[in-house]
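Residue numbers (my numbering): 22 to 137.
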């Protein structure tokens with residue numbers, strides 16, 4: 022019978038990125054979109070990397086979403102993605118910049134709130 026508790030990991034989380042060579046300058050951030058490079062062969066990858074490729078088979082996800090789906094800390098997935106992107110297995114793209122509201126409108130809202 023199961024006690025309802027989650028099983029403890031046998032291997033610590035930081036070991037998920039142990040076999041990946043990480044570049045010196047990491048450009049992967051929380052909102053970086055990650056997707057699988059075309060014609061990538063997943064042979065010879067360790068389990069966390071192959072799980073990540075399976076997860077991304079349906080389409081791109083942000084690094085935070087990948088961490089949540091894999092059940093690993095963000096910092097570990099960030100290193101994993103950076104290493105796989107440096108090796109050409111994954112491609113990354115920064116999300117489009119958000120449209121910021123006009124400064125005049127914000128000043129009008131602030132002055133209206135102060136008038137209340």
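Using N, Cα and C, we set each Cβ at its ideal position, and we do this for glycine too. Note that the structure is predicted; figures quoted are calculated from it, not measured.
C-alpha gap between residue i and residue j, whole angstroms
i           : j           : result
residue 95  : residue 106 : 16 Å
residue 61  : residue 75  : 12 Å
residue 90  : residue 52  : 15 Å
residue 127 : residue 120 : 14 Å
residue 44  : residue 124 : 39 Å
residue 113 : residue 54  : 6 Å
residue 118 : residue 85  : 17 Å
residue 108 : residue 48  : 14 Å
residue 64  : residue 72  : 12 Å
Burial state of residue i (16 or more Cβ within 10 Å)
i           : result
residue 99  : buried
residue 92  : exposed
residue 104 : buried
residue 88  : buried
residue 136 : exposed
Selection from the options that minimises the alpha carbon distance to residue i
i          : options            : result
residue 70 : 59, 110, 50 and 49 : 110
residue 77 : 116, 102 and 115   : 102
Heavy atom of the ligand NAP within 6 Å of residue i beta-carbon
i          : result
residue 69 : No copy of the ligand NAP occurs in the structure displayed, which carries no ligand at all.
* Asked: Counting pairs of Cβ atoms below 8 Å between the region 119-135 and the region 68-82, do you hit three or more?
  -> Touching, no.
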